[in-house]
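Protein chains: 2
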Amino acid sequence: MFASRMRTFNVLKQNTSLLSKRLQSTAPKVAPVKKSSILKPIFYGSLLAATAAVGYGVYGLYKEQHPAPLPVETQSNKKKLVILGTGWASITLLKSIDTSLYDITVISPRDHFLFTPLLPSAPVSTVAVESIKEDVSTLIRQGSGKVTFLQKEALDVDPQNKKVIVEGDKAVDYDILVFSVGAQPNTFGIPGVYENALFMKEANDAVILKAKLKENLQKATELPAGSQERKDLLSMIVVGGGPTGVETAAELQDYISEEVAKWNPELAADCQIHLVEGLGNILGMFDQKMYTLAQDHLKKNGVALKLNAMAQKVVGNTITVKDSKTQELVDMKFGILIWATGNGTRPVTAKLMSRLPETQNNRRGLLINQKLELLGAEGSIYALGDCTFHKGLVPTAQVAHQEGEYLAKVLETRHIIDNTDNDAVKASLAKTIKDFDYFNQGALCYIGGESAINDIKMSKKIEFKLGGSFLSFKVWQCAYLAMAVTWRTRFLIACDWIKVHIVGRQ
Amino acid sequence: MFASRMRTFNVLKQNTSLLSKRLQSTAPKVAPVKKSSILKPIFYGSLLAATAAVGYGVYGLYKEQHPAPLPVETQSNKKKLVILGTGWASITLLKSIDTSLYDITVISPRDHFLFTPLLPSAPVSTVAVESIKEDVSTLIRQGSGKVTFLQKEALDVDPQNKKVIVEGDKAVDYDILVFSVGAQPNTFGIPGVYENALFMKEANDAVILKAKLKENLQKATELPAGSQERKDLLSMIVVGGGPTGVETAAELQDYISEEVAKWNPELAADCQIHLVEGLGNILGMFDQKMYTLAQDHLKKNGVALKLNAMAQKVVGNTITVKDSKTQELVDMKFGILIWATGNGTRPVTAKLMSRLPETQNNRRGLLINQKLELLGAEGSIYALGDCTFHKGLVPTAQVAHQEGEYLAKVLETRHIIDNTDNDAVKASLAKTIKDFDYFNQGALCYIGGESAINDIKMSKKIEFKLGGSFLSFKVWQCAYLAMAVTWRTRFLIACDWIKVHIVGRQ
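Protein sequences appear in the order of chains A and B. Residue 1 is where the first sequence starts when you use the numbering used here, and the numbers rise one by one after that. Residue 1 is where the second sequence starts when you use the numbering used here, and the numbers rise one by one after that.
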């Protein structure tokens, strides 16, 4: 890596001197000095920036891998902070807050944080599933305080007595509860989906899809090439034209075009990826120019787009979709059906709603105020992420991440307030707790064949859009690396990407 | 990598010149020139060798990743060669033979080759499971001929009619059958082992052990530190003092000492790895000095050795062992029990034996002659690897590998014989088929804490032994890399080892 980078710099240097020579020969005497004096600082500036970036990464990785010694346990007067969930909101909060201020317990049936943006890359081994998982046992050691992790599913919350009931009928007391359990796939009651589709939500979904993909490809080698039976088996339908669905379809298509076509071209010829979307276009969070670019790119790479198609039912290996314009019903056979749309309420969330019937009356999610406090339990319960429903806060990693960061600051301020005797100071501190203000940083989506579309908002005025080029892919890669929550994950993902170039995907 | 290697060379160069300067100042005038002229060729020789090695690897990897186009299928008069199994013997044969000479079909329920020597490293993620698996679909594309892979379990063989019966009642005809289905774990009828122990034989065993290990470690965090209940849960017993058992125990101990101790020192303090062996020492294939070194090293690192201990029964989470000297019975509690000893006969092997009752009368394995032909079906069935029983041929990867190489040559000669009309030529060619001559290249075993014992036989006279040092570990690593069947695997394993140094094991 370093050697090749040095080579690049040397070439750059050479070009620079060539350029300055050429300039010297044609331009008046004053000009070249000026030009060269611009290029030189750019070159050395870049070198410095690259060195600084690598140094920063190495330092970050070192710090992460060398946790501070565990604090000696003493009788604690700290308030009990219980965090339900190990997703984006919970883990961002945990990483942002001074963990020594509270007696923190994290409760979740899932012992890892999952870097969901790259989940669609995992079934085809563009990245390893292990590279996008981060153990909670290591994450809780990143701060200076002791954090307890309970790998149990929360079954119920009692807001009156401030208790969480977990599996095994155990009660965990809290002073402050952060409810961020996420959502589960939603099949909208469409018959047969739950029984016949795969999902793209948890790490294990990637493992299951990978196994199914391999199984079908192997089974297909035993069927006559070009036969309908084989084509049906190799038909893969992704339902949902959001980023998850599009990236899943794009990654599957990459796998077919790059790996299957290499090792078994006849088999690749019988594969077909379909992307089914209920609306008239995919990727609604982008503007028309961008999503049109994505649609054209996907089609060019071989993905069959089916727009305005509403899923009606799934029976065995057939999904019936209705064209929302012509009302025509079409049956589509599949070997693999991936349901990549819809967020549903988890049982524990529904239970919490039922505990606060007067305020929690929206089936789509928990209602919160501008300070992320749960309506009906303000002051003691905060609700974050995909389990909530609030205008302007879409169920994305970005929102959950910003909510986690915001809440860390709020809870740190609350800690100071709790430890202040002066009422006037308390009141003025309380006023410093501003409402949560979500800043949409834009959207990114990989569209296959080393291309992506990016709509990045640097500030409320500076926005830059880039799509369809190799550069857009590199920007997408850098942005995703930046989003990862640990340097370890960044390092492993980067390694995986390099590996794909050298030995392909398995 | 390259940059750091260059640094090493520069340092070496510097040292060399320093050395020659020093020599110049003290020794008579003639000497330094001579010394320096020795060091110089060593330095440049090493540089050349390293460059050649890297170049060879890159070329190998490139060739592997760019398979020749599939041959156009024509009506084939080739003999049908059916290979049962995708283990060491089968895959070595497949990689060594000219695949265009026969109409080859590989049949196995397992769609990958597993690099078994590193399987004990996989449960603790020293290497990823994916790094030691090689898809059969890519392996069958390495030769110039078309090879068919049928992912089915062979249920029966009919030696009279030359048919293999596979799942789904399908019959596959053969002219020549290579029977190399391997073995399955053998619990020697000891009650409770099959129900309560994990094994270390297939890729999935590593996945299961990894999940169990994580589950137990997490459960233990919820029990009081130092309590008997917690210690019992964190007791891990490996039965079998052969290389697999020793390496499994060593890797588990590394994981506890390096990862668990880092992230949760209290938990690591309650972990205990036990290695149980029925004989008076472990690693019987090494000499006394070597196995004593291994035993001392394991003990020093924290592994509890229990020698002369014969497993009697397993009930729930307790194994009862009998001291073969004192006849004393001891109960040992465990959270994880790994059965790493014993090879048993697979059902299809037993079935084949029953088809040839007159010649196949040894329950320990298929009987073969010196040319690896199955007794009772000479000329049409060859049996290789762990499913056979023959004096001097132990059930190891090394034997299976050499058998595969040998058989490739035999089958190539047989092809020439079949295509020769002249009987005299046929007869003289047949005489060139020599008996299989196994050459024991020695043994290697990782013993934990970056140390190994190696007994490497370069030829029948040159043998070198190395144990206990960091160098022994590096030799072990190089030897294992050399043993891998593809450059892809070599590359991935090397990457994993580097990753462990940077971000640890997950």
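We treat Cβ as the ideally placed atom computed from N, Cα and C, and that holds for glycine. These numbers were taken from a predicted model, which means no experiment stands behind them.
Nearest neighbour of residue i, chosen from the options [CA to CA]
i	options	result
G241(A)	L267(A), V276(A), K431(A), A400(A)	V276(A)
A211(B)	G335(B), V330(B), F149(B)	G335(B)
A309(A)	I97(A), G316(A), E328(A), K371(A)	E328(A)
A400(A)	L384(A), G392(A), P265(A), K409(A)	L384(A)
L393(A)	W497(A), M353(A), L81(A), L372(A)	L372(A)
S459(B)	I417(B), E450(B), Y438(B)	Y438(B)
T92(A)	L81(A), F113(A), S76(A), K78(A)	F113(A)
S227(A)	L81(A), D435(A), C387(A), E266(A)	E266(A)
E134(A)	G442(A), D435(A), A484(A), L466(A)	A484(A)
K214(A)	A171(B), D323(B), Y382(B), Q151(B)	Q151(B)
G85(B)	Q65(B), V58(B), I338(B), R110(B)	R110(B)
L444(A)	M236(A), K313(A), M285(A), L356(A)	M285(A)
Y174(A)	K474(A), F473(A), G379(A)	G379(A)
N317(A)	L352(A), K325(A), D331(A)	D331(A)
S324(B)	L279(B), A408(B), A225(B)	L279(B)
R141(B)	N161(B), V166(B), K170(B), T99(B)	T99(B)
I282(B)	I447(B), Y44(B), V72(B)	I447(B)
Outcome for residue i when other beta-carbon atoms lying within 10 angstroms are tallied against a minimum of 16
i	result
L70(B)	exposed
V503(A)	buried
Y291(A)	buried
D455(A)	buried
V129(A)	buried
N419(B)	exposed
N77(A)	exposed
K201(B)	buried
T489(A)	buried
H501(A)	exposed
E403(A)	buried
E64(A)	buried
Q360(B)	buried
R414(A)	buried
Residue range of the unbroken alpha helix (DSSP H) whose run includes residue i
i	result
Y382(B)	Counting along the chain, Y382(B) falls outside any alpha helix (DSSP H), though it belongs to the beta strand (DSSP E) covering 381-383.
D232(A)	228-233
E247(B)	243-254
T489(B)	487-503
N454(A)	Here N454(A) belongs to no alpha helix (DSSP H); instead the beta strand (DSSP E) covers 452-457.
E405(B)	397-418
Q312(B)	Here Q312(B) belongs to no alpha helix (DSSP H); instead the beta strand (DSSP E) covers 309-315.
A128(A)	Note, A128(A): premise wrong, no alpha helix (DSSP H); not H, not E.
E266(A)	265-269
Cβ pair residue i, residue j closer than 8 Å
i	j	result
A294(A)	I453(A)	yes
A206(B)	P123(B)	yes
C271(A)	L223(A)	no
A494(B)	P159(B)	no
I107(B)	V164(B)	yes
A311(A)	H274(A)	no
G342(A)	P185(A)	yes
T154(A)	V321(A)	Sequence inspection shows Ala at residue 154(A); the Thr mentioned does not correspond to that position. Not in contact: A154(A) and V321(A) (Cβ atoms no closer than 8 Å).
T388(A)	L411(A)	no
A340(B)	V193(B)	no
E247(B)	P120(B)	yes
I381(B)	L177(B)	yes
G57(A)	W487(A)	yes
Where the beta strand (DSSP E) containing residue i begins and where it ends
i	result
C445(B)	442-446
H112(A)	112-114
A424(B)	That residue, A424(B), is in no beta strand (DSSP E); its alpha helix (DSSP H) goes 423-432.
A304(B)	304-306
Heavy atom of the ligand FMN within 7 Å of residue i beta-carbon
i	result
A197(A)	Only the bare structure without any ligand can be found here, which leaves the ligand FMN out of the picture.
Nearest-angstrom Cβ-Cβ length linking residue i and residue j, presumed shorter than 8 Å
i	j	result
P395(A)	A183(A)	6 Å
K457(B)	Q441(B)	5 Å
I433(B)	K426(B)	That belief does not hold up - the Cβ atoms of I433(B) and K426(B) are roughly 12 Å apart, past 8 Å.
S137(B)	W263(A)	5 Å
T510(B)	R505(B)	Since the first residue of chain B shown is 1 and the last is 506, residue 510(B) is not available in this structure.
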